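In what follows, a structure is listed as structure tokens, so that the remarks can point back to it.
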Amino acid sequence: MSDQISVAFVCLGNICRSPMAEAVFKHTVKTRNLDDQFDTITSFGTAAYHVGEDPDYRSTQVCRKNGVPVSHAAQQIKSAHFSQFDYILAMDRENLRNLSRIQPKNSRAKVLLFGEYREDTQFNVIVSDPYYGGVDGFETNFRQLSHFSETFLDREIAKS
Ligand code: 4NP
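Per full-length UniProt numbering, the sequence shown runs over residues 1 to 160.
Written as structure tokens, this is what we have:
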């Protein structure tokens, strides 16, 4: 289908938040039987430190506990990706600033905080870096990402 949507999720290292976002979003799409509406769904880091690595075990653990499969190898976002995706969705404002530095003029992608899709104010719009904290940070990230995924599909797929 020519109007399929491609989505990329972006954090700093691409081992904690954005691979979780990718997994949760894919699972939500599948649960709603919307697979045919999407082309690529993937994730990136703005930094290269962890390229090639599996997601952090805490991200995988929280996803699996919630019945969400995870499979990703970390990759760094580059300028060329801005012509390959319709949406590039950042986890926090630093990610967004880093993206704006490499975004080509007139890029295809809409670049925004994934938290722009928040509707329930119990959730913070910022998906905070959980790397140096405990598993509770990952649990909070999971709940935010589930909510944002649902509202993204409500808003963007209902439109098409
Ligand atoms: P992420 O978390 O951006 O959610 O993947 C981090 C992963 C690694 C580091 C920082 C944040 N790090 O400093 O190595």
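Ideal placement from N, C-alpha and C gives every residue a C-beta, glycine not left out.
It should be emphasised that the depicted structure is a prediction, and the values quoted were computed from it without experimental measurement.
Quiz item: Sorry if obvious, but does the Cβ on residue 12 come closer than 7 angstroms to a heavy atom of the ligand 4NP?
Solution: yes
Quiz prompt | the segment 101 to 109 / the segment 24 to 36 touching (three or more Cβ pairs under 8 angstroms) | solution = no
Exercise. Would you identify the three-state DSSP class for residue 39, choosing helix, strand or coil?
Key: strand
Quiz item: Under three-state DSSP, which class holds residue 45?
Solution: strand
Practice problem: Starting from the C-beta of residue 120, find all residues in its chain whose C-beta is less than 7 angstroms away, skip the five residues before and the five after it, and write them out in chain order. | Solution: 147
Quiz item: So what does residue 112 bridge to, in DSSP terms?
Solution: 89
Quiz prompt | residue 16: first and last residue of the uninterrupted beta strand (DSSP E) it sits in | solution = Run containing residue 16: none; DSSP gives neither H nor E here.
Quiz item: Do three or more CB pairs link the segment 12 to 19 to the segment 53 to 67 at distances below 8 angstroms?
Solution: yes
Quiz item: Under the rule that 16 or more other beta-carbon atoms within 10 Å means buried, what is residue 48, buried or exposed?
Solution: exposed
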